[in-house]
Structures are given as C-alpha cells and as structure tokens.
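**Student:**
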Amino acid sequence: MKRLPTHLPSLGLAPMEGVTEFPTRLWFSLLGHFDSMGTPFLRVTESFPHGDIPFAWAPELFDPTLHGRLPYTLTPQIMGIDPERLKEVGAKILQHSPLVELNCGCPSPTVYGKGAGSGLLTHPGEFGTLLQDLSHHLGHTQFAAKIRVGIHCPSEFGALLHELQHTSLARLSIHARTRQQKYTGQADWTLISQAAEVLDYPVWASGDILSMEDIRNKSQMFPKISGMLMGRGLLRNPWMLAQHSHMSLDQISTDLQIYAYMHLLYRLDLPQLIRFTTQEIYPHREAVSPERLAQICAKLQQVIHRYPQQPKAERQVLGRVKLLYNYLRSSLPADYFCPPILRAKSIGEFFQLLSTVTPTQHHAHIQLQVQTMYNWMYSGEARPK
Ligand SMILES: Cc1cc2nc3c(=O)[nH]c(=O)nc-3n(C[C@H](O)[C@H](O)[C@H](O)COP(=O)(O)O)c2cc1C
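Numbering (our numbering), first residue to last: 179 to 563.
Here it is, written out as structure tokens:
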C-alpha cells in the first residue's frame, strides 16, 4: 500500500462509539494508511472502571505482542466529569499509552444531562479549569481533548478558545459543529483554522471529510491544521485513503468478508484474533498489499470454521455488516442495494446474495465516489423534498 504524500497533515480515524472497536480499527488499517485511530469513549463513573481497564477496549495498548506491530497509533478516549476519577483512570491508561484524550463533545441527551461530553463546554471557565487540572496532573504532552465548537451557537467558541489559550495540551481535536447541530448541517472549518492560528499545540480537525480531494483542498486552505480525523465519510467510502478510486465487486466483497470475520473472531476468541494479527497480518510492521487481502480473507474463514456456531455473536456481526453496507449506499451503484441483501438472515446468506448482484460485473471496476445527495441519510436530517 502506498503511503500518502508527506505534505498532507496526519490522518486519523475519528473515534466512533459502536463503530471503531478493535476489529474495525484493524480492518481500516488494511485499507489505507492511518497515523492514528480513536477508540470509542470509555465511560468513567464513580464505580467504573475499577481495577483493570477493559482489555477488549484497547488490545493495542494492553497486549505486548501487538506493540510496535501495527501501522497506526491508538488514541484512547475517556469520558466523564469527576476530575479525580478522570485522573485515576487517565493515569492507568498512560502506563500503556503515550496519550489519553478526554471526550468533550458527545451530544447524547443522557451524557449531556450529566454534564459529561459536550456538557463540559457549558461553562467555559469551569471547562478551562478542568483541562488545566488534568493537563497538569497527567502531563501536557500526554493529555489531549476533543471538543465541539459550542453548545447552542458557534459564537460560543470565542470563550472556549480563550480558555484553551491558557491550557497546554498534547493535541486538541475539534469537531466543528455545536452540540445543538448534532451531526446535521456543515462543520465550520474556519473556527478550527482560527484555533490552529492561535494555539501553540497541535490542532486536529473533524467534520465532513468525504474524499482525498477534500483532504487535499482543506490542507491547502488551512495549512496550520496538524491533522484530520475522518468519521462518517470513511464509512461511506472505507477505501477513501487507498488511492484507488475503482474496485471490483470481488474486491469489495472480500474486504467486507474480512470485516465480518474479524468482528466474529473478536467476539468468539479475542486472543486468537490477536495471534492472527501478529502471525498472518502483521508479522512485520509493513502495510499489507491489496493482493494479500484475498489470502487473509481465506485464512480467516478457515479459522472461523473451527468454532461451533454462536448464533448471538453471528446476529450481532450481521447487524454490523448491514450497518456498514447501508453506509456504502452513497458510494456504490444503486443495483447493489436490492432489498433481499438487507433482509439476509445470516452472514453466509448476506455474502451469497451479494455475489448474485450484477453477476456479469464481478470483475468490472466500479468507481467509488461519495454522493453528497445522500448526506441527509447519515446526519439524522429529514429526507429533502
Ligand atoms: C456513530 C458515531 C459515534 C461517535 N462516537 C464518538 C466518540 O465515541 N467520541 C468522540 O469524540 N466522537 C464521536 N463521534 C464524533 C466523530 O468522532 C466525529 O467528530 C464526527 O462524526 C464528525 O466527523 P464526520 O463528519 O467525518 O462524521 C461519533 C460520531 C458518530 C457518527
């Protein structure tokens, strides 16, 4: 796999709850070069986690055999409000990781109602004090934050920026929407650029990156931004960074099968998925060539077949595959979305039905391009009339 030209900013997989677990991160590492990948947030409460941090949340940090093997670094993210608990859990994570990030952006009503996630932005002064306290305690080269630009209105960003200028962080990632916007409308990159101009630590941008062209254009327009995090755009075109805009149905199906098998093995036997990663995927740290993907898929399939059927895990994984497939609606031709595929009752049936779509075109090259007319579908907005 080609590395991207070096004049681009660092590129990262945005943290996404319910999406960017270990098998998804591993899968994306096969499809393009990512400098960093975010875990979904780990909720820190009075009673959780006590003792060890859950291993399955970040095997990259806790399993020594993975150290130095993977072509990306991990950004573990925590979410909570109690400074003492955040320090305690943050310090535990830092025993295994060079960085820990605080979630200051989650818009969910439950999270916000408790004052966590984007709720931390409600009072800029208190927000600044919390960040300074955590940065002082955890180390300003190890403590990072991910924020939104305000609660109700982007004009609130000025007060937050004022606080951020008096704080030292390892990295600030900005999802340039307000809490009220949730995932609708457009992210305002001029606000991110404003932050990158005045802050003396790295600023990463998040919101609405849909293609390589977007990455190139935005990095030219906003040269002070150190990194870019990709979220829903990558789900709509997971091959965005692969630098080949055409793929055959066979390749697409192989890659989706790898996704399914990795998620299944994660649930059936995580130590085996880790062994498979170190022995078959990354015996060396080198990136995997597209030619090896078919081999990896076949080997994973063999491994999976050794386990007795586990209907619950299979149902969960089928749900994940369908979720991803629904995202692909905006970059694949319409005939791929015949209803029977989405009604498939098992992983096997899903891929069997997929292989029957446009059977004459298995080797034909399909142009992958995110179609913006589908934006409403992934933002929670109503369908435009
Ligand atoms: C399903 C989903 C889950 C998310 N979970 C998290 C999370 O756990 N932590 C976080 O900081 N942001 C989370 N986000 C926000 C993304 O990291 C990102 O900032 C946002 O989606 C904007 O980027 P996009 O327009 O490329 O999707 C989530 C977004 C989505 C769509």
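For each residue, glycine too, the CB sits at the ideal point set by N, CA and C.
1. Which first and last residues belong to the beta strand (DSSP E) in which V376 is found?
2. Based on Cα-Cα distance, which residue from S533, R470, R410 and M425 lies nearest to G196?
3. I'd like the span of the alpha helix (DSSP H) that includes A472, first residue to last.
4. Using only the heavy atoms of ligand 1, determine whether one of them is closer than 6 angstroms to the beta carbon of R410.
5. Taking only heavy atoms of ligand 1 into account, decide whether any of them is closer than 6 angstroms to the Cβ of E195.
6. Look at the alpha carbon of V535 and the alpha carbon of Q343, and state the distance between them as a whole number of angstroms.
7. Using DSSP with H/G/I as helix, E/B as strand and the rest coil, what is I525?
8. When every heavy atom of ligand 1 is checked, does at least one fall within less than 6 angstroms of the C-beta of F219?
9. Taking 7 angstroms as the limit between beta carbons, can you name the residues of its chain near L531, skipping five residues before and five after?
10. Could you tell me if E375 is buried or exposed, where buried requires 16 or more neighbouring beta carbons within 10 angstroms of its beta carbon?
11. Is it a yes or a no for the segment 314–321 touching the segment 360–377, going by three-plus beta-carbon pairs under 8 angstroms?
12. Just checking my contact of L239 with S275 at CB under 8 angstroms: how many whole Å lie between their CB atoms?
13. Just the Cα atoms here: how many angstroms apart are S214 and R463?
14. Would you say G291 and C284 are within 7 angstroms of each other, going by their C-beta atoms?
15. Output the residue ranges of the alpha helix (DSSP H) runs that lie fully inside the segment 202–261 and measure 4 residues or longer, sorted by chain position.
16. One question on the structure: do Q255 and G306 come within less than 7 angstroms of each other, judged by their Cβ atoms?
17. Answer yes or no: the CB of N281 versus the heavy atoms of ligand 1, is any distance below 6 angstroms?
18. Using only the alpha-carbon positions, how far apart do L478 and I271 sit?
19. So within the segment 256–320, which uninterrupted beta strand (DSSP E) runs reach at least 3 residues, ignoring any that extend past its ends?
20. I'd like the list of long-range same chain contacts for K402, defined as Cβ closer than 8 angstroms, with 5 residues on each side in sequence excluded.
21. So the alpha helix (DSSP H) S431 belongs to, where does it begin and stop?
22. Can you tell me which of the three DSSP states S389 falls into?
23. DSSP state of K180, grouped into three classes?
24. Do A354 and L369 have their C-beta atoms within less than 7 angstroms of each other?
25. When you measure from the CB of H353 to every non-hydrogen atom of ligand 1, does any distance come out below 6 angstroms?
26. Rounded to a whole number of angstroms, what is the C-alpha to C-alpha distance between K265 and L312?
27. In angstroms, rounded to a whole number, what distance separates the CA positions of T456 and Y444?
28. What's the C-alpha gap between S431 and I452?
29. Rounded to whole angstroms, what is the Cα-Cα separation between H434 and D386?
30. Is the beta carbon of K292 within less than 6 angstroms of some heavy atom of ligand 1?
31. Between D366 and ligand 1, is there a pair consisting of the residue's CB and a ligand heavy atom that are separated by less than 6 angstroms?
32. Go ahead and pull the three-state DSSP assignment for M406.
33. Just to confirm before moving on: does the CB-CB distance between G293 and I259 stay below 7 angstroms?
34. Per DSSP, what kind of secondary structure is I544 in: helix, strand or coil?
**Tutor:** Looking at the coordinates:
1. Walking along the sequence shown from the start, residue 376 turns up at place 198. Taken as a continuous stretch (DSSP letters only), V376 belongs to no beta strand (DSSP E), being part of the alpha helix (DSSP H) at W367 to V376.
2. Mapped onto the sequence shown, residue 196 falls at position 18. It is R410.
3. Within the sequence shown, the letter at position 294 stands for residue 472. Its alpha helix (DSSP H) spans residues P468 to H483.
4. Along the sequence shown, one-based indexing puts residue 410 at 232. Yes, since a heavy atom of ligand 1 falls inside the 6 angstroms radius drawn around the Cβ of R410.
5. By 1-based counting over the sequence shown, the position of residue 195 is 17. Within the cutoff, so yes.
6. Taking the sequence shown and counting its residues from 1, one reaches residue 535 at position 357. Taking the sequence shown and counting its residues from 1, one reaches residue 343 at position 165. Computed Cα separation, rounded: 55 angstroms.
7. Numbered from 1 along the sequence shown, position 347 holds the residue referred to as residue 525. Reduced to three states, the DSSP call for I525 is helix.
8. Here residue 219 is taken as the residue at index 41 of the sequence shown, counted from 1. Yes - ligand 1 has a heavy atom lying nearer than 6 angstroms to the Cβ of F219.
9. For the purposes of this step, residue 531 is identified with residue 353 of the sequence shown, where counting begins at 1. Cβ neighbours of L531 beyond the five flanking positions: P518, I519 and A522.
10. Taking the first residue of the sequence shown as position 1, residue 375 is located at position 197. When all chains shown are included, E375 counts as exposed.
11. no
12. Position 61 of the sequence shown, counted from the first residue, corresponds to residue 239. Position 97 of the sequence shown, counted from the first residue, corresponds to residue 275. With a Cβ gap of about 5 angstroms, L239 and S275 count as contacting.
13. On the sequence shown, residue 214 is found 36 positions in, with the first residue counted as 1. On the sequence shown, residue 463 is found 285 positions in, with the first residue counted as 1. Distance between the alpha carbons of S214 and R463 is about 15 angstroms.
14. Your numbering for residue 291 matches position 113 in the sequence shown. Your numbering for residue 284 matches position 106 in the sequence shown. The answer is no: Cβ separation not under 7 angstroms.
15. 237–240
16. Looking up residue 255 in the sequence shown gives position 77. Looking up residue 306 in the sequence shown gives position 128. Against a cut-off of 7 angstroms, the Cβ pair of G306 and Q255 comes out as no contact.
17. The residue labelled residue 281 in the question sits at position 103 within the sequence shown. Yes.
18. Taking the sequence shown and counting its residues from 1, one reaches residue 478 at position 300. Taking the sequence shown and counting its residues from 1, one reaches residue 271 at position 93. Whole-angstrom Cα-Cα distance: 31 angstroms.
19. 278–282
20. For the purposes of this step, residue 402 is identified with residue 224 of the sequence shown, where counting begins at 1. Excluding positions up to five away in sequence, the list reads S371, A374, E375 and V381.
21. Within the sequence shown, residue 431 is the residue found at index 253, counting from 1. Here the alpha helix (DSSP H) through S431 covers L427 to L446.
22. As a working mapping, residue 389 is identified with position 211 in the sequence shown. Correct three-state label for S389: coil.
23. Along the sequence shown, one-based indexing puts residue 180 at 2. Reliability of the predicted coordinates at K180 is poor, the pLDDT of 49 falling under 50, and no value is obtained from them.
24. The residue given as residue 354 occupies position 176 in the sequence shown. The residue given as residue 369 occupies position 191 in the sequence shown. For A354 and L369, yes; Cβs fall inside 7 angstroms.
25. Here the question's residue 353 lines up with position 175 in the sequence shown. Yes, the beta carbon of H353 sits closer than 6 angstroms to at least one heavy atom of ligand 1.
26. Taking the sequence shown and counting its residues from 1, one reaches residue 265 at position 87. Taking the sequence shown and counting its residues from 1, one reaches residue 312 at position 134. Distance between the alpha carbons of K265 and L312: 6 angstroms.
27. As a working mapping, residue 456 is identified with position 278 in the sequence shown. As a working mapping, residue 444 is identified with position 266 in the sequence shown. Near 14 angstroms, if we compare the C-alpha coordinates of Y444 and T456.
28. Counting from one through the sequence shown, the residue named residue 431 turns up at place 253. Counting from one through the sequence shown, the residue named residue 452 turns up at place 274. Each residue's Cα considered, the two are about 23 angstroms apart.
29. What you label residue 434 is simply residue 256 of the sequence shown in a count that begins at 1. What you label residue 386 is simply residue 208 of the sequence shown in a count that begins at 1. At residue 434 the sequence reads Leu, which differs from the His that was named. Approximately 23 angstroms between the Cα atoms of the pair.
30. Locating residue 292 in the sequence shown gives position 114, where the first residue counts as 1. False, no ligand heavy atom lies under 6 angstroms from that Cβ.
31. Your numbering for residue 366 matches position 188 in the sequence shown. No, ligand 1 has no heavy atom inside 6 angstroms of this Cβ.
32. Position 228 of the sequence shown holds residue 406. Note: M406 maps to strand in three-state DSSP.
33. Position 115 of the sequence shown, counted from the first residue, corresponds to residue 293. Position 81 of the sequence shown, counted from the first residue, corresponds to residue 259. Their beta carbons are under 7 angstroms apart, which means G293 touches I259 by this criterion.
34. Counted from its first residue, the sequence shown places residue 544 at position 366. Strand.
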